[in-house]
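J.: Each residue of the sequence shown is one higher than the one before, starting from -8 at the first, in the numbering used here. We treat Cβ as the ideally placed atom computed from N, Cα and C, and that holds for glycine. This structure is a prediction, so every number in the text was calculated from the model and none was measured.
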Amino acid sequence: FIARELRSKTIDAVSKTGGHLGAGLGVIELTIALHYIFNTPKDKLIWDVGHQAYPHKILTGRKNKIETLRQENGLYGFVKRSESEYDTFGTAHSSTSISAGLGIKTAQDLKKDNSKVICVIGDGALSAGMAYEALNNAGAMNKELIVILNDNKMSIDQPVGAMSAYLTKLLSSRSYSSIRSIIKKISNKFPQSFKKTLHRAEEFTKGFVSGGTLFEELGFFYLGPIEGHNFDHLIPILKNIRSNTLYKPILLHVITKKGKGYKPAEESLDKFHGVNKFNVTTGSSVSKS
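Written out as structure tokens, the structure is:
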């Protein structure tokens, strides 16, 4: 119900103001799940670029002003720190979220602050060198940073189903983390060949559902991919991530559909990335005259 209402409110607002619609519709469920599981604004949520932040604005006290988007004295079209305490980092440029998150997490550690830092970045933004530099630094520094890869360019295929969600839930759980730590300590007392066998077994299990080798090599614990429009998958996995004891950065790979839930956007080539004012029923642009 909340997702349906949030999607409807987002569509209605952008139809009157114009703006970025498709990206926001694609993260409706993810936005709700993140705010439900994490203690924002104490836990820091960072949106890369900010194209997808309209639903976030609605959920964080700006519902009654959402129709002033991009208007004089109205809400900013992206994320702006001075606009809300929930807007952790000002955006508009691509690929900056992980660097910002790493800086914030480093500062938290110096202050003995155990709040979480979550960066949401799209597959397009992740193609930039700055993002990979930040991933590399986060892995090398072994910071407990949480990165959500919002992948909306690939279709939902078989690995993004019940088995993938189940194994991802298992791998992200506190019990798995504890057992993993115990086995690691015990394995140190055994020959190197035994340790390698255990490591291969773990990698096989994770590799069964993921293509996360690159992120693992960068020092991240990779989870996914999971379907980003399914609360039954999102909620338990994010809950496990919030309480994790891995003491290393985590990357959760989430598959979403740009323009989700609004047929004209889903059928448009650009998925209603950026639009002028439009008719909600038809999706057609409204004349400025």
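Using the rule of at least 16 other Cβ atoms within 10 Å of the residue's Cβ for burial, across every protein chain shown, is Q149 buried or exposed?
T.: Within the sequence shown, numbered from 1, the residue matching residue 149 stands at position 158. Bear in mind that the predicted position of Q149 carries a pLDDT of just 43, short of 50, making it unreliable; the figure below should be weighed with that in mind. The residue in question, Q149, is exposed, as its Cβ has fewer than 16 Cβ neighbours within 10 Å.
J.: Please state if the CB of T87 and the CB of M132 are separated by a distance shorter than 8 Å.
T.: If you number the sequence shown from 1, residue 132 lands on position 141. If you number the sequence shown from 1, residue 87 lands on position 96. Going by C-beta atoms, M132 is not nearer than 8 Å to T87.
J.: To which residues does DSSP link P218 through a beta bridge?
T.: As a position in the sequence shown, residue 218 is number 227, starting the count at 1. The residue asked about is misnamed: residue 218 is Glu in this sequence, not Pro. According to DSSP, which records beta bridges pairwise, E218 is partnered with I246.
J.: How would you call P182, buried or exposed, if buried means at least 16 neighbouring beta carbons within 10 angstroms?
T.: Residue 182 sits at position 191 when you count from the first residue of the sequence shown. Exposed is the call here.
J.: State the Cα-Cα distance for the pair I226 and I28, rounded to the nearest angstrom.
T.: The residue given as residue 226 occupies position 235 in the sequence shown. The residue given as residue 28 occupies position 37 in the sequence shown. Near 7 Å, if we compare the C-alpha coordinates of I28 and I226.
J.: Alpha carbon to alpha carbon, what distance is there between L50 and K239?
T.: As a working mapping, residue 239 is identified with position 248 in the sequence shown. As a working mapping, residue 50 is identified with position 59 in the sequence shown. Taking the straight line joining both Cα atoms gives about 30 Å.
J.: For I19 versus L36, is the C-beta spacing smaller than 8 Å?
T.: Mapped onto the sequence shown, residue 19 falls at position 28. Mapped onto the sequence shown, residue 36 falls at position 45. No; because the gap between Cβ atoms is not below 8 Å, this pair is not in contact.
J.: Residues in its own chain within less than 7 Å of I147 by CB, not counting five upstream and five downstream?
T.: In the sequence shown, the residue the question calls residue 147 occupies position 156. The pLDDT assigned to I147 is 34, lower than 50, so where the model puts this residue is not dependable, and the model offers no usable value.
J.: By the 10 Å Cβ neighbour count, where 16 or more other Cβ atoms means buried, how is D104 classified, buried or exposed?
T.: For the purposes of this step, residue 104 is identified with residue 113 of the sequence shown, where counting begins at 1. The residue is exposed, with fewer than 16 neighbouring Cβ atoms inside 10 Å.
J.: Counting pairs of beta carbons, one from the stretch 7 to 14 and one from the stretch 257 to 277, are three or more of them closer than 8 Å?
T.: With a cut-off of 8 Å, the stretch 257 to 277 and the stretch 7 to 14 count as touching, because enough Cβ pairs lie within range.
J.: Quick check on the burial criterion: 16 or more other C-beta atoms within 10 angstroms. Buried or exposed for D3?
T.: On the sequence shown, residue 3 is found 12 positions in, with the first residue counted as 1. D3 is exposed by the Cβ-count criterion.
J.: Count Cβ pairs between the stretch 108 to 128 and the stretch 78 to 98 that sit closer than 8 Å; are there 3 or more?
T.: Yes, the stretch 108 to 128 touches the stretch 78 to 98.
J.: Would you decide whether A24 is buried or exposed? Buried here means 16 or more other CB atoms lie within 10 Å of its CB.
T.: For the purposes of this step, residue 24 is taken as residue 33 along the sequence shown, with counting starting at 1. With 16 or more Cβ atoms within 10 Å of its Cβ, A24 is classed as buried.
J.: Quick check on DSSP: helix, strand or coil for V18?
T.: Sequence index remark: in the sequence shown, residue 18 carries index 27 (1-based). In the structure shown, V18 sits in coil (DSSP, three-state: anything other than H, G, I, E or B).
J.: Determine the contact status of L214 and I241, defining contact as a CB-CB distance below 8 Å.
T.: Taking the first residue of the sequence shown as 1, we reach residue 214 at position 223. Taking the first residue of the sequence shown as 1, we reach residue 241 at position 250. In contact: L214 and I241 (Cβ atoms closer than 8 Å).
J.: Taking Cβ to Cβ, would you say D39 is nearer than 8 Å to V108?
T.: In the sequence shown, counting from the first residue as 1, residue 39 sits at position 48. In the sequence shown, counting from the first residue as 1, residue 108 sits at position 117. Not closer than 8 Å, so no.
J.: Where do the N-terminal and C-terminal ends of the alpha helix (DSSP H) with D3 fall, by residue?
T.: Reading the sequence shown from its first residue, position 12 is the one you call residue 3. Residues -7 to 8.
J.: Report the residue from N127, N30, T82, K7 whose alpha carbon sits nearest the alpha carbon of Q62.
T.: Mapped onto the sequence shown, residue 62 falls at position 71. Closest option to Q62, Cα to Cα, is K7.
J.: Indicate whether A98 and V70 have their beta-carbon atoms separated by less than 8 Å.
T.: Counted from its first residue, the sequence shown places residue 98 at position 107. Counted from its first residue, the sequence shown places residue 70 at position 79. Cβ atoms of A98 and V70: not closer than 8 Å.
J.: In terms of alpha-carbon separation, which member of A(-6), G130, T236, G250 lies closest to H26?
T.: Looking up residue 26 in the sequence shown gives position 35. H26 has its Cα closest to that of A(-6), out of A(-6), G130, T236, G250.
J.: Buried or exposed for H84, going by 16 or more other Cβ atoms inside 10 Å?
T.: The residue labelled residue 84 in the question sits at position 93 within the sequence shown. Counting Cβ neighbours within 10 Å, H84 comes out exposed, since fewer than 16 surround it.
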